[in-house]
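Heads up: the structure comes next, in structure tokens.
Protein chains: 2
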Amino acid sequence: MHDNKIRNMDEFAAKCGVSRPTVSKYFNDPDSVRSSTRERIEKALERYDYQPNIYAINQNRRLTKTVGIVVPYLADPFFAEIARQIEQRIVAAGYRPVLFSAYGEQELENSILDSLRSLKPAGVLLAPLGRASDRAAIDKFCEDVPTVLFDSNIDGIGEAFVGSDNFSFVSQTVEYLTRTGESPCFFEMRYPANPNANKRRTAYLKMMEKLRLEPHVLSVEGEGWAFEEIGRLGALKLLDEKSLPTNTVLCSNDRLAIGFLAACYERGLRVGRGEGCALRVASHDDHPYSRFTCPSLTTAAHDYDTVANRSVETLLALIDSGGRFPSRTETLFPARLILRASA
Amino acid sequence: MHDNKIRNMDEFAAKCGVSRPTVSKYFNDPDSVRSSTRERIEKALERYDYQPNIYAINQNRRLTKTVGIVVPYLADPFFAEIARQIEQRIVAAGYRPVLFSAYGEQELENSILDSLRSLKPAGVLLAPLGRASDRAAIDKFCEDVPTVLFDSNIDGIGEAFVGSDNFSFVSQTVEYLTRTGESPCFFEMRYPANPNANKRRTAYLKMMEKLRLEPHVLSVEGEGWAFEEIGRLGALKLLDEKSLPTNTVLCSNDRLAIGFLAACYERGLRVGRGEGCALRVASHDDHPYSRFTCPSLTTAAHDYDTVANRSVETLLALIDSGGRFPSRTETLFPARLILRASA
DNA sequence: ATCAAAAATTTACGCGCGTAAAGATTTATC
DNA sequence: GATAAATCTTTACGCGCGTAAATTTTTGAT
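Chains as they are written, first to last, in our numbering: chain A, -19 to 323; chain W, -19 to 323.
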């Protein structure tokens, strides 16, 4: 190993015995140079650990090889998991992922978009905060940077949207619960941060109407992203007031359900579908922890793989077509019902 | 709002009626220019939304304003939470955080360090994978980039380490469990990824020796970062074989405990310290979900705030002193015992 | 008003690489 | 072996900004 430090591409090109523009061409696309040349460069790469200065590269390219990923709350394992899948695929496609989390705050989301703009990414995968988002700011951002929205839709914004078919989620859980016993009431936050929550409520109402059953929506108070605690406190209140209209509860999402189950446990209520169970509880998302709740949670699962895959594919297609699609597409994936012990 | 697009600092300086080097100076430190000049620049900033090209800036500065944060597994809410806290403080200090997760893989950790090197960060906060880390690669990285290790120590590597005093964690839980009933056995993974796990086992053995009690270490099989499932399967096996030496179980960390509790629930065993409880279970970390387990988990809590604070402070001090400390320091924070329902 | 210190300006160069154009060389095809 | 096509080399310029040095202007105190 020659420990001669290579300072720049000129020096490295000299070591290769190749001109600098050829080396530059190699780094942009190794297959764009003759194979004999490629070998010479790659042999030199083994001897000297040179890598081009990323800032100098990006200064001179209008299209960076960076892809931004923005999620609303990274401490939520659901988003952490989907971010992980997306990152992997971005890397596999030869891009450099940069991950951001807005941590529930509009101000932070906006400042992320700002710094993302200055990073001149090839494209951005954005899961917006939802209700807390600054719609105008996101709209403006999407005009400047090729952006695909995922998870949480904002009508008309971004070149495409990839997410979940909330009706598929709710229809399956409602149908299952109704078929196997009492039909469910719907447990949610009153002012949900995420638009999916509203679509799920609507889907619940529609399903109940279709089944000619009386709907019961229980909207509990609470702001922010501490869904488990909100679910727990809301459930405790309902349980203590004995105001639960049915003994089958469908939670809007798994994190609320985790809190609901904690409340049931605290009050000594057994949850499940067997004998001696006071309640059935089901939910949506297939949160990474939903198989470890007590009891394990019956839920409608996202297909993480497919959503991540399609999001990345869509963004790559967008980048290939120069940052614009002829028309905005919305791709929604159905849920898969996961039967566990809670319902 | 003049919608004249500003292309570069020259144009912007012209709009300000100030020279370009002065504008450059302003962006590096607004207080380094006369207040009348600052006002002129800031008024122009309001009219024209110019921001300097980040790549051109970083190309010419040896000290970037970027700070890298590397965690071993971001889908673990523990790391997500600590990353969140660290990011906030980095921003507050005027730096730009860039977050990476190795997702448990050595290869990925190494490639993160590689790309981090090319980002020329002012400093890096690194929580290494632990056993899976490529020690030599990390050592080499730390020689090139000012790095503070946190959470997971590697002897002699990095300019400083900020983490938890594992003995404080284990001594408090062992002491509490012993004082209030039967003394605990210790439940862990056989080949833990994280060095803290080894220190906790050692601390357990030392505590039991000090109390003149017979230690029982239960090491369950399992690789990777799916701790909950490993804990659950290990617990199921122990429960079904009835080979649990005591009815008080101290888990090495909360994620294992979450799995342990799930197993207990599956087998119909009530956990807690009241009448009719078959087992007591306690653990370490105060994982964000530990208050929502069934029953809620008695645990020894990290002081997330303090650890994040000190990590960032240490790194900023390191940056200020030019990237080197006279000697390597290790700062360990004690735990705070959190009594909940499980023990 | 005077003068030294502080701050701003002008001028100039460099960072490391992208990229275009023109000419030289290699490769593929028959 | 001749020819066209593909690839490489040389040369040259530009990107947007940091930064140093020398000069000029402003500031603040006497």
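Glycine included, every Cβ here is placed at the ideal spot set by N, Cα and C. Fair warning: this is a prediction, and the values are worked out from it, not measured in the lab.
Query raised in the report: Quick one: is R247 (chain W) buried, meaning 16 or more other Cβ sit within 10 Å of its Cβ, or exposed?
Result: exposed
Query raised in the report: Closest Cβ-Cβ distance between F167 (chain W) and chain A: below 8 Å?
Result: no
Requested in this report: Check R327 (chain A) in the structure and name its three-state DSSP category.
Outcome: An answer regarding residue 327 (chain A) cannot be provided, because it is not within the stretch -19 to 323 covered by chain A.
Requested in this report: Take A112 (chain A) as the anchor and find which of A:P32, A:V51, A:A140 and A:V154 has the nearest alpha-carbon.
Outcome: A:V51
**Report entry** C-alpha distance - H196 (chain A) paired with P225 (chain A), whole-angstrom precision
**Finding:** 7 Å
Report task. Just the chain A side, please: which residues come within less than 9 Å of L241 (chain W) by C-beta, in chain order? Result -> F272 and C274
Query raised in the report: Residues of chain A with a CB under 9 Å from the CB of R320 (chain W): which are they?
Result: The contacting residues do not exist; R320 (chain W) stays about 11 Å from chain A at best.
**Report entry** Backbone secondary structure at A102 (chain A) - three-state DSSP
**Finding:** coil
Query raised in the report: Closest by CA to A24 (chain W), which one among W:N38, W:L185 and W:I(-14)?
Result: W:I(-14)
Query raised in the report: Which of the three DSSP states, helix, strand or coil, is assigned to I318 (chain W)?
Result: strand
Query raised in the report: Between the region 217 to 234 of chain W and the region 122 to 138 of chain W, are three or more C-beta pairs nearer than 8 Å?
Result: no
**Report entry** Through-space distance from A288 (chain A) to L312 (chain A), alpha-carbon basis
**Finding:** 12 Å
Query raised in the report: So, N176 (chain A) versus S132 (chain A), is the Cβ gap smaller than 8 Å?
Result: yes
Query raised in the report: According to DSSP, what are the bridge partners of D265 (chain A)?
Result: A:A281
Query - Contacts that P57 (chain W) makes with chain A (C-beta to C-beta distance below 7 Å) - result: A55 and P57
Query raised in the report: DSSP puts T311 (chain A) in a beta bridge; with which residues?
Result: A:V142
Query raised in the report: Can you give the beta carbon distance from G211 (chain A) to L236 (chain A), rounded, assuming they're within the 8 Å contact cut?
Result: 4 Å
Query raised in the report: Which one of W:I66, W:S95, W:N146 and W:N174 has the shortest CA to CA distance from V128 (chain W)?
Result: W:I66
Query raised in the report: Which chain A residues sit within Cβ distance under 7 Å of N33 (chain W)?
Result: Q39
Report task. Please list, in chain order, all residues of the same chain as A60 (chain W) whose beta carbon is under 7 Å from its beta carbon, the five residues on each side excluded. Result -> L54
Query raised in the report: Counting Cβ pairs closer than 8 Å, one from the region 312 to 321 of chain A and one from the region 146 to 154 of chain A, do we hit at least three?
Result: yes
Query - Chain-ordered chain W contacts of L219 (chain A) [CB-CB under 8 Å] - result: Result: empty, since nearest Cβ-Cβ is about 14 Å, beyond 8 Å.
**Report entry** Per-residue burial, N38 (chain A) [other beta carbons within 10 Å of its own, 16 or more giving buried]
**Finding:** buried
Requested in this report: Compare the C-alpha of P172 (chain A) against each of A:L157, A:F166 and A:G202 and name the closest.
Outcome: A:G202
Query raised in the report: Terminal residues of the continuous beta strand (DSSP E) containing L129 (chain W)?
Result: T127 to F130
Query raised in the report: Helix or strand or just coil, what does DSSP make of R27 (chain A)?
Result: helix
Query raised in the report: Is it buried or exposed for S322 (chain A), if we count other Cβ within 10 angstroms and need 16 for buried?
Result: buried
Report task. Would you mind working out which of A:D266, A:S276, A:N227 and A:Y284 sits nearest C257 (chain A), comparing C-alpha positions? Result -> A:N227
Requested in this report: Measure the C-alpha to C-alpha separation of M(-19) (chain W) and Y28 (chain W) and round it to an integer number of angstroms.
Outcome: Interpretation of M(-19) (chain W) is limited by its pLDDT of 48, a score under 50 that renders its predicted location unreliable; no figure is taken from the coordinates.
Report task. Sort W:D300, W:V292, W:G302 and W:F305 by Cα distance to V142 (chain W) and report the nearest one. Result -> W:V292
**Report entry** Short CB-CB distance (under 8 Å) between L79 (chain A) and chain W
**Finding:** yes
Query raised in the report: Would R20 (chain A) pass as a contact of C(-4) (chain A) if the rule is Cβ separation under 8 Å?
Result: yes
Query - Simplified DSSP assignment, three categories, for I49 (chain A) - result: strand
Requested in this report: Using a Cβ cut-off of 8 Å (strictly closer), state whether L277 (chain W) contacts chain A.
Outcome: no
**Report entry** Integer-rounded CB distance, given that S163 (chain A) should sit under 8 Å from V154 (chain A)
**Finding:** 7 Å
Query raised in the report: Does the distance from the CB of Q272 (chain W) to the CB of E208 (chain A) come in under 8 Å?
Result: Here the sequence assigns Phe to residue 272 (chain W), which means Gln is not the residue at that position. The answer is yes: Cβ separation under 8 Å.
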